[in-house]
Structure formats: C-alpha cells, structure tokens
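Numbering (my numbering), first residue to last: 2 to 508.
Glycine included, each C-beta is placed from N, C-alpha and C at the ideal position.
The model shown is predicted, which means the values in this text are computed figures rather than measured ones.
Below you'll find the structure, written out as structure tokens, and then a few comments.
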Amino acid sequence: MAVAKTTSEPSKSMFIAMGILVVLFLAATAVSVVMFMGRTKLINDKETAEQNLDRIANPMQVSELRSLSGQAGATGPTAIDRVTEDMQYLTGVIAGERISQPALGEIRGMVETELEPIWQDLENAVISWHQQANQINEISGQQINLVAPQLLDSNQGLAHILKTILGQTTDLMNRFGETQILHRQEMIDLQNRVAGQQDAILKLTETSNVATSAAQDYKLAYDSLLGEKVGEKQKEIDDLSSRYSNLEAQEAETRLRNAELTREIEQYKNQVKNLNERLQQFQPNPEMEMAAFEPDGVITLVVPPPPAPPEFAYINLGENDHIYRGLTFSVYDSYKPFANRETGQGKGSLEVIEIVKTVARCRIVDYNKANPIRENDIIANLVWARDKKYRFCVTGEFDFDGDEKIDDDGYERITKLIEQWGGQVTPTVSVDTDFLVVGQPPKQPEPMQEDFTISSEELMKSFQEAQARVEHYNKNRADGAALGVPTFNRSRFLYFIGYYKQAKGAR
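Written out as structure tokens, the structure is:
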C-alpha cells in the first residue's frame with residue numbers, strides 16, 4: 002500500500018506540471034495572438050496615416066514640417082503647433098488683439114473677413130486722394146504724385162503696399178513741412194505788411210482828425226457866411242422871378258408875332274405864285290438851253306477800233322484848249338448828237354489822262370456795247386468851256402453816289418466839281434445864272450407845338466434854320482422857272498459831265 006501511494010504521487014505531480022505547461026502555453030499563445038493583432042493594427046494605422054499625410058502634403062512639404070519640430074526624437078512643440086502659432090501671429094498682426102487664439106481652420110476666414118472691406122475702402126480712398134491731388138495741382142501748380150489705384154492689388158503683398166503708402170506719406174509730410182515753412186514766412190511778411198498798414202492807418206487817422214477839425218471850422222465859417230448871404234440871394238431870387246415873369250410875357254407876345262408872320266408868309270407865297278404865273282408869260286424860249294448842247298470836241302481815234310472792246314480814245318483838244326488831266330466828257334453820236342436831251346445820257350464817257358499841244362489821250366470809262374464809241378463822235382462837258390465861265394446855282398440836298406441816301410457832303414461835292422472845271426457857283430438864281438442844278442428838297446420841319454416855351458430856344462433856332470432852307474430851295478426853283486434858267490437834276494447833271502457810274506447809281 003505504501004508503494005502504491007508513492008508511485009501515484011509522482012504521476013500526480015507530473016500531471017499538474019503538464020497542466021501548468023499547457024496553461025502557460027495557452028497563455029503565451031494568447032499573448033502572442035494579442036500582440037500580433039496589435040502589431041497588425043499599428044501597421045494598418047501607419048499605412049492609413051501615411052495615406053492621409055500624402056493627401057495633406059507632398060514629401061518635400063512633409064520634410065519641411067518635420068524640420069519645424071527639430072531633430073527626430075527631440076522634445077518641444079510639434080510642426081502643427083509651430084504653424085498654428087505663426088498663423089495666429091499673422092492674424093494678430095492683421096486683425097489686432099481683439100481676435101485671441103483662433104483655431105487653425107478659422108484663420109483664413111478671419112483674415113479674409115478683415116481684409117476684404119479694407120481693400121475696397123483703401124481703393125476708394127486712393128481714388129479720392131487722386132481727385133484731390135489733381136485739384137491741388139490745378140490750383141497751386143505743384144505736382145503731387147500718388148500711388149495708382151491699380152497698384153493696390155493684394156497680389157503685391159501687404160508689406161509692399163504699406164511700404165509704398167508709407168513712402169508717399171513721408172513725401173507728403175516733407176512737402177507739408179516745406180509748405181508750413183513757406184506759409185510761416187508768408188505769415189511773417191503779411192504781419193509786417195499789416196503792421197505797416199496799421200502805421201499808415203494811424204497816420205491817416207491823424208490826418209483825418211485834422212481834416213475833420215478843419216471841416217468843422219469851415220462849417221462854422223460857412224454857417225456864418227450863409228447867414229450873411231441868405232438875404233442877398235433871396236433878393237437875387239426875387240429879381241430872377243420877376244425877370245422870368247417878364248420873359249413869359251415876351252414869350253406869349255412872340256407866339257402871337259409868329260402867328261402873324263406865318264399868315265404874312267402865306268400871303269407872300271400867294272403873291273409869289275401869282276408873280277410866277279405872270280412871269281411865265283415872259284419866259285424865254287427853250288433855245289436858252291442850247292448852251293448845254295454845244296459840243297466841246299470830237300473823237301479822232303479809238304484804240305482798239307470796234308468791234309473790240311475800246312480802251313482808249315484820242316480827242317482834238319489839248320494844252321492849247323486849256324484842258325487838264327481828270328477832266329471827263331460825255332460821248333454822243335456824231336450823226337444824232339444829244340438825242341436824249343431829257344436825261345443827258347449819251348453812249349459813254351471819257352477821262353483825260355495824257356495831254357499834248359492839240360491832242361489828248363483819254364481812258365474810256367463807260368461805253369455801250371450795242372452802240373460802241375467811234376471816230377468823229379462828239380464830246381461835251383456841261384461845266385467846261387474853252388473860252389467862257391458858266392454860272393451855276395446849286396440848291397437842295399444830293400445823293401451824289403446814287404445809293405438812295407442823302408450824302409452829308411453831296412452839295413459840296415457838286416459845287417467842287419463845278420469850280421474845279423472852271424464854273425462859278427452862286428447861292429441864288431439871278432438873271433446872270435446859266436444853269437440851275439437841283440437836288441432833293443430839304444426836309445420840311447415839324448410845326449411848332451402850342452406849348453413851346455422860352456427854354457426851347459435851340460429847338461426854335463433849328464426849326465427856323467430848317468424852314469429857311471426849305472424856303473431858299475423853293476425860291477430858287479421858282480426863280481429858275483420864272484427866268485427860264487435851264488434846270489438839271491442830279492442824274493441829268495452827272496450825265497452831262499461824264500459821271501455815268503454815279504448817274505446810274507453804280508458805286
């Protein structure tokens with residue numbers, strides 16, 4: 002029994018040992034399996050992380066991120082921490098301390114939110130600055146150069162933009178300082194001028210005070226003198242009033258006398274009319290006008306001859322006949338001279354330009370193509386005469402150049418021509434008058450109003466002079482008709498002396 006027991010105890014121990022080994026094996030196996038599975042998971046996580054890292058950054062960027070964290074195995078902030086810290090710093094620079102520790106994913110949005118309105122405001126401000134600078138340039142003549150709006154592009158970089166604006170601001174401040182110095186000097190000059198003006202004002206004030214004092218003295222003297230003279234002046238006023246009353250009485254008497262003279266004038270006009278009618282019975286025959294139709298010479302040669310347009314003509318008058326350059330003649334047909342006696346118009350006119358003893362060369366001033374000037378045509382000038390001085394009475398107003406307007410010097414031009422060519426001018430018609438040249442009748446003056454006063458002496462004088470001109474014209478016409486003096490109106494007279502262009506109204 003004892004032996005059996007001893008044999009069974011080692012078997013039991015071996016069985017227990019074997020059980021422990023099995024348990025340990027199973028435990029080791031379980032641990033191995035667990036470690037294997039953990040390693041497999043780590044490998045899978047590593048591969049997943051590497052794939053995610055490839056999506057986040059390329060190998061060069063990964064290397065740069067690793068370099069941010071220092072040497073491998075070193076302790077300290079990670080690369081993400083460094084990037085986050087830098088981004089937060091830049092955000093603080095842009096937005097200020099009011100944005101505190103933003104998350105990395107929020108930084109870009111915050112920066113854009115801060116900068117987007119600033120870019121627009123900055124561009125608007127620069128545009129406004131440019132407009133103001135242009136106005137300053139136009140006013141002051143200075144040249145202010147500002148940064149162009151197109152240079153405010155975010156791609157240029159905030160630092161570059163700030164540097165540009167800072168440089169521009171520095172330049173403007175320097176100019177502002179120079180302008181202040183200049184204005185300060187101008188202010189000093191202005192103050193000096195003001196001081197000078199104030200001195201002048203003080204001197205003027207002193208002078209004014211002296212003048213005021215003198216004026217007061219003068220006023221006192223004036224008041225004293227006025228008191229003395231009032232009585233004398235009042236007496237003079239009374240005398241003038243008396244004289245004015247007398248003049249009014251004389252005025253009334255003058256009006257009455259004018260009315261009586263007007264009636265007498267009408268009576269005289271009627272008597273003159275009656276006398277003219279009686280004189281008509283003794284009027285000489287029309288042969289008295291024959292002196293106007295006496296030819297003065299003939300044309301001896303026309304150059305060039307017809308039918309070519311004539312330019313020059315030679316006449317049988319020369320130095321022996323006392324003609325002179327500028328003398329004009331009217332040309333008439335040789336076979337029917339003075340055919341149109343009513344108007345005096347012939348076939349053309351000549352002007353003497355060269356003179357020899359017995360012949361003169363003339364310029365043809367006017368001619369008729371249908372009736373050309375020819376040899377043997379006769380010439381005449383109403384004023385000029387070889388051996389006689391005609392007497393002319395010129396009366397009325399004249400439109401010398403034929404423009405239908407009375408010329409102020411029309412009368413003088415007519416009389417000057419007559420005297421220049423040897424005639425004699427008389428103001429009135431007499432029995433010795435050879436020809437009467439009449440113009441337009443002078444304008445009839447307006448009748449005087451009943452309320453005419455003595456203060457209108459100049460108007461009265463003008464009225465009387467105009468009335469006298471009208472009466473003088475009418476008397477010459479009447480006397481010329483009564484005495485049978487050949488009468489020529491403006492155009493007829495000008496035709497008879499060879500002034501065709503003026504007679505026709507040509508200028």
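Would you call residue i buried or exposed, if buried means 16 or more other Cβ atoms sit within 10 Å of its Cβ?
i	result
Gly349	buried
Ile17	exposed
Ala23	Reading off the sequence, residue 23 comes out as Val, not Ala. Val23 is exposed by the Cβ-count criterion.
Ser214	exposed
Pro487	buried
Leu509	Beyond the ends of the chain as shown, which are 2 and 508, falls residue 509; an answer cannot be given.
Val231	exposed
Asn341	exposed
Ala504	buried
Tyr223	exposed
Asn477	buried
Val127	buried
If we call anything under 7 angstroms between Cβ atoms a contact, is residue i one with residue j?
i	j	result
Ile365	Pro311	yes
Val299	Asn377	yes
Tyr474	Pro442	yes
Thr301	Asn317	yes
Leu351	Ala293	no
Tyr391	Asp435	yes
Val395	Val438	yes
Cys363	Ala309	no
Val471	Gln445	yes
Asp297	Ala371	no
Phe393	Gly424	yes
Arg493	Gly440	no
Met111	Thr92	yes
Val357	Gly347	no
Ile119	Met88	no
Gly481	Val430	yes
Once DSSP output is grouped into helix, strand and coil, what is the label at residue i?
i	result
Leu383	coil
Ser335	coil
Glu207	helix
Thr488	strand
Ala104	coil
Ala340	coil
Tyr500	coil
Tyr269	helix
Val432	coil
Gly1	In the structure as shown, the chain starts at 2 and stops at 508, and residue 1 therefore has no counterpart that could be examined.
Gly519	There is simply no residue 519 to check, as the chain begins at 2 and stops at 508 in what is shown.
Gln133	helix
Phe401	coil
Glu261	helix
Ala309	coil
His184	helix
Thr79	coil
Gly39	helix
Tyr325	coil
Glu295	coil
Ile162	helix
Lys220	helix
Pro446	coil
Ile21	helix
Asn59	coil
Ile407	coil
Lys505	helix
To which residues does DSSP link residue i through a beta bridge?
i	result
Thr427	Cys394
Asn369	Asn372
Tyr315	Leu302, Arg362
Ile356	Ala361
Val439	Thr396
Phe330	Leu351
Just checking my contact of residue i with residue j at CB under 8 angstroms: how many whole Å lie between their CB atoms?
i	j	result
Ile324	Val353	6 angstroms
Val360	Gly319	5 angstroms
Phe497	Gly397	Not confirmed; about 17 angstroms, so no contact.
Asn401	Ile415	Here the sequence assigns Phe to residue 401, which means Asn is not the residue at that position. About 7 angstroms separates the two Cβ atoms, so the contact holds.
Val273	Ala479	6 angstroms
Asp367	Lys502	7 angstroms
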